[in-house]
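Taking the numbering used here, the leading residue of the sequence shown gets 1, the next gets one more, and so forth.
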Amino acid sequence: MPQVLTHQQLLKIAGEFGTPLYVYHAERITEQYHRLQEAFKETSTTFFYACKALTNVSVLKHIKSIGCNADCSSLNEVQLALKAGFRPEQILYTSNNVAFSEIENAASFGVHINIDSLSNLRKFGQKYGHSYPVGVRLRPNIMAGGNLKISTGHNKSKFGIPVEDTEKVVQLMKEKNLHIRTLHIHTGSEIKDVEVFARGIEVLFELIPHFPELEVIDLGGGFKVPYVPGEEGTDITLLGKKVKEEFGTIEKRYNRKLQVWFEPGKFLVSEAGYFIVQVNVLKQSGDTCFAGVNSGLNHLIRPMFYGSYHHIENISNVAAEPQRYNITGNICETDTFAEDRMVAEIREDDYLVFYNAGAYGFEMASNYNSRFKPAEVLVKNNIPTLVRRRDTLEDLLATQVVMTD
């Protein structure tokens with residue numbers, strides 16, 4: 001059974017650190033990483049944690065300690081990964097629509113780099129030529145993912161160089177003497193169907209002969225994790241077998257043994273995260289009972305942004321009969337976390353927990369309505385430790401330059 005934090009543990013942590021509060025379970029992250037290692041043990045596979053999901057440095061330190069690498073989407077994420085102790089060769093930087101100066105800065109750190117535009121690839125070749133191995137992110141024209149907003153490989157997506165422009169990539173490689181080491185694709189998030197990854201491999205199959213120095217096929221991330229009770233995620237074991245089979249074919253056809261890279265983010269941290277809030281107000285309106293909590297879209301925007309589901313439980317009145325509620329926030333905007341949701345009877349001051357809150361929860365939080373961002377706690381060896389304090393008014397003012405009268 002997966003390792004979980006109990007209601008009693010969560011209540012105690014909420015009492016100690018206050019709410020709203022993000023709580024992360026280190027052992028659950030480790031467990032997920034070991035699942036990946038086991039599933040892909042028969043292939044030459046390297047995993048880079050997509051740290052855009054959660055960049056708390058203490059969490060990054062834990063992920064480094066279990067042997068995983070780091071995938072970064074910005075120069076600041078690269079620097080946070082270095083701060084957490086990752087070595088440059090353990091860091092992958094995949095940018096999108098950035099100024100070339102950011103790519104130059106990433107190169108100054110010596111990290112792996114994927115480039116997703118012909119423009120920046122040309123500039124990279126002009127500056128570095130063959131001296132710096134580089135990856136090319138291609139857009140495979142595959143529709144995948146649980147929501148259009150997180151589907152990145154389809155033919156209208158802003159991400160990657162369209163696969164139909166491969167000839168232009170090859171031409172640049174020859175003109176600028178580029179050392180193209182990696183071909184990268186990422187089709188989206190919440191991908192349950194293993195065949196989506198297989199189709200991505202097939203897209204890259206035909207391109208392999210054009211890149212004589214190719215060493216790595218990077219299949220991105222996007223593994224589905226279950227959010228709704230009873231839901232199933234990506235069958236990682238089946239995917240591992242499929243990858244072994246497909247890369248065995250590559251080796252035989254081209255007499256080349258290639259590495260496989262993946263960038264799981266949500267898969268590692270989503271189920272390890274809990275978001276605890278407290279109920280401020282109960283409000284009856286006709287047949288609808290609103291449970292208004294001390295948080296809002298400023299802390300967890302996924303339900304409002306993506307229509308995402310988070311399972312919610314009342315951890316301070318667990319044994320009560322379930323009733324139907326709209327669970328809403330305290331922001332001056334419509335911020336409904338859950339509509340028409342059955343939850344054990346809610347009373348004012350009760351504590352509610354949102355599950356699967358480890359990925360894109362705190363990371364997408366803001367100070368909207370000038371409210372404070374919540375604290376973060378990491379539980380390791382059953383010991384909860386504060387890894388980010390709650391905001392104060394001074395934090396809201398820290399970067400403002402106040403004009404004098």
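Just so you know, even glycine gets a beta-carbon here, dropped at the ideal spot from N, CA and C.
Task: One or two residues paired with GLU376 in a DSSP bridge - done: To locate residue 376, count along the sequence shown from 1; it is residue 376. TYR22, ARG388, per the DSSP bridge assignment.
- [ ] Report the option in LYS252, PRO162, LEU121 whose CA atom is closest to the CA atom of LYS176.
- [x] To locate residue 176, count along the sequence shown from 1; it is residue 176. Comparing C-alpha distances from LYS176 to each of LYS252, PRO162, LEU121 shows the shortest one belongs to LEU121.
Open item on the list: List, from N- to C-terminal side, the beta strand (DSSP E) runs of 3 residues or more that fit wholly inside the stretch 208-251.
Closed with: Within the stretch 208-251, the complete beta strand (DSSP E) runs of at least 3 residues fall at 216-218.
Open item on the list: In this structure, how does DSSP classify ASP395 when only helix, strand and coil are distinguished?
Closed with: Counting from one through the sequence shown, the residue named residue 395 turns up at place 395. When secondary structure is reduced to three states using DSSP, ASP395 falls in the helix class.
Task: Rounded C-alpha distance that separates ARG181 from GLN79 - done: Your numbering for residue 181 matches position 181 in the sequence shown. Your numbering for residue 79 matches position 79 in the sequence shown. The alpha-carbon atoms of ARG181 and GLN79 are separated by roughly 23 angstroms.
- [ ] Starting from THR166, trace the alpha helix (DSSP H) both ways and give me its first and last residue.
- [x] Numbered from 1 along the sequence shown, position 166 holds the residue referred to as residue 166. First-last of the alpha helix (DSSP H) with THR166: 166-176.
Open item on the list: Three Cβ pairs or more, each shorter than 8 angstroms: is that satisfied between the stretch 353-360 and the stretch 317-325?
Closed with: As far as the Cβ criterion goes, the stretch 353-360 does not touch the stretch 317-325, which means the pair count is below three.
Task: Test: VAL269 CB closer than 8 angstroms to a CB of chain D - done: Of the protein chains in the structure, only one exists, and it is not chain D.
Open item on the list: Quick check on LYS266: does DSSP put it in helix, strand or coil?
Closed with: Numbered from its first residue, the sequence shown carries residue 266 at position 266. When DSSP states are grouped into helix, strand and coil, LYS266 belongs to the helix group.
- [ ] Alpha carbon to alpha carbon, how far is ILE185 from LEU138? Give it in angstroms, no decimals.
- [x] Residue 138 sits at position 138 when you count from the first residue of the sequence shown. Residue 185 sits at position 185 when you count from the first residue of the sequence shown. Looking at the two C-alpha atoms, the distance is approximately 5 angstroms.
Open item on the list: So, under 8 angstroms CB-CB, ILE276 and ALA14 are touching, yes? Tell me the CB distance rounded to an integer number of Å.
Closed with: Walking along the sequence shown from the start, residue 276 turns up at place 276. Walking along the sequence shown from the start, residue 14 turns up at place 14. Rounded to whole angstroms, the Cβ separation of ILE276 and ALA14 is 5 angstroms, and the two are in contact under 8 angstroms.
- [ ] Write down every uninterrupted run of the alpha helix (DSSP H) in the stretch 276-313 whose length is 4 residues or greater and which is fully enclosed by it, in chain order.
- [x] Every alpha helix (DSSP H) of 4 residues or more that sits fully in the stretch 276-313 is shown, in chain order, as 302-305.
- [ ] Return the bridge partner residues of ASN114 from the DSSP annotation.
- [x] Against the sequence shown, residue 114 aligns to sequence position 114. Residue pairing of ASN114 in beta bridges, as defined by DSSP: THR94, GLY135.
Task: the stretch 52-63 / the stretch 17-30 touching (three or more Cβ pairs under 8 angstroms) - done: The stretch 52-63 is in contact with the stretch 17-30.
- [ ] Please name the residue or residues paired with ALA70 in a DSSP beta bridge.
- [x] By one-based count along the sequence shown, residue 70 stands at place 70. In the DSSP output, where bridge partners are listed per residue, ALA70 has TYR49, ILE91.
Open item on the list: Using only the alpha-carbon positions, how far apart do GLN259 and PRO209 sit?
Closed with: Working through the sequence shown from its first residue, we reach residue 259 at position 259. Working through the sequence shown from its first residue, we reach residue 209 at position 209. CA-CA distance, GLN259 to PRO209, rounds to 16 angstroms.
Task: DSSP three-state assignment for LEU10, whether helix, strand or coil - done: In the sequence shown, counting from the first residue as 1, residue 10 sits at position 10. It is helical.
Open item on the list: Taking only three categories from DSSP, how would you classify MET403?
Closed with: For the purposes of this step, residue 403 is taken as residue 403 along the sequence shown, with counting starting at 1. In the three-state scheme derived from DSSP, where H, G and I count as helix and E and B as strand, MET403 is classed as coil.
Task: Bridge-paired residues (DSSP) for VAL57 - done: As a working note, residue 57 is residue 57 in the sequence shown. According to DSSP, VAL57 bridges with nothing at all.
Task: With 16 other Cβ atoms within 10 Å as the buried cut-off, status of LYS149 - done: Walking along the sequence shown from the start, residue 149 turns up at place 149. Any reading at LYS149 is ruled out, since the residue's pLDDT is 42, under 50, leaving its predicted position unreliable.
Open item on the list: Applying the 10 Å Cβ sphere with the 16-neighbour rule, what's the burial state of GLN32?
Closed with: In the sequence shown, counting from the first residue as 1, residue 32 sits at position 32. When all chains shown are included, GLN32 counts as buried.
Open item on the list: Taking 8 angstroms as the threshold (C-beta atoms), are GLY125 and LEU172 in contact?
Closed with: Taking the first residue of the sequence shown as 1, we reach residue 172 at position 172. Taking the first residue of the sequence shown as 1, we reach residue 125 at position 125. Between LEU172 and GLY125, the gap from beta carbon to beta carbon is short of 8 angstroms.
Open item on the list: Mapping the DSSP letters down to three states, classify ALA84 as helix, strand or coil.
Closed with: Here residue 84 refers to the residue found at position 84 when the sequence shown is read from its first residue. Three-state DSSP puts ALA84 in coil, outside helix and strand.
- [ ] Going by DSSP, name the residue or residues bridged to PHE354.
- [x] If you number the sequence shown from 1, residue 354 lands on position 354. According to DSSP, which records beta bridges pairwise, PHE354 is partnered with PHE275, ILE312.
Task: Cβ neighbours of VAL4 in the same chain (closer than 8 angstroms, five flanking residues each side left out) - done: By 1-based counting over the sequence shown, the position of residue 4 is 4. The residues are HIS25, ARG28.
- [ ] Return the chain-ordered list of same chain residues with a C-beta closer than 7 angstroms to the C-beta of LEU75, the five sequence neighbours on each side being excluded.
- [x] Looking up residue 75 in the sequence shown gives position 75. Only GLU102, ASN105, ALA106 meet the Cβ criterion.
Task: Rounded distance between the beta-carbons of LEU282 and ILE331, thought under 8 angstroms - done: Start at 1 with the first residue of the sequence shown, and residue 331 comes out as number 331. Start at 1 with the first residue of the sequence shown, and residue 282 comes out as number 282. No, ILE331 and LEU282 are not in contact; Cβ-Cβ is about 18 angstroms, not under 8 angstroms.
- [ ] Enumerate in chain order the residues of its own chain whose CB-to-CB distance from ASN147 is below 6 angstroms, with the five nearest sequence positions on each side excluded.
- [x] By 1-based counting over the sequence shown, the position of residue 147 is 147. With a pLDDT of only 44 at ASN147, under the threshold of 50, the placement of this residue in the model should not be trusted; the figure read from the coordinates follows. For ASN147, where only same-chain residues beyond five positions count, the Cβ hits under 6 angstroms are TYR306.
Open item on the list: Taking DSSP's pairing of strands, which residues face PRO322 in a bridge?
Closed with: The count along the sequence shown starts at 1 and reaches residue 322 at position 322. Residue pairing from DSSP places PRO322 in a beta bridge opposite ALA344.
TODO: Compute the beta-carbon to beta-carbon distance between ASN255 and PRO20, rounded to the nearest angstrom, for a pair I have assumed lies under 8 angstroms.
DONE: Taking the sequence shown and counting its residues from 1, the one referred to as residue 255 is at position 255. Taking the sequence shown and counting its residues from 1, the one referred to as residue 20 is at position 20. Actually they do not touch by this definition, with Cβ atoms about 56 angstroms apart.
- [ ] Helix, strand or coil for GLU42, going by three-state DSSP, please let me know.
- [x] Reading the sequence shown from its first residue, position 42 is the one you call residue 42. In the structure shown, GLU42 falls within a coil segment according to DSSP collapsed to helix, strand and coil.
TODO: List the endpoints of the continuous beta strand (DSSP E) containing ARG181.
DONE: Working through the sequence shown from its first residue, we reach residue 181 at position 181. That run of the beta strand (DSSP E) goes 180-184.
- [ ] Quickly, what does DSSP pair ILE331 with across the bridge? List them, please.
- [x] To locate residue 331, count along the sequence shown from 1; it is residue 331. Answer is none; ILE331 lacks a bridge partner.
Task: Beta-carbon gap between LEU118 and LYS168 smaller than 8 angstroms - done: Your numbering for residue 118 matches position 118 in the sequence shown. Your numbering for residue 168 matches position 168 in the sequence shown. Yes.
Task: Helix, strand or coil at GLN259 [DSSP, three-state] - done: As a working mapping, residue 259 is identified with position 259 in the sequence shown. DSSP, read as helix, strand or coil, puts GLN259 in strand.
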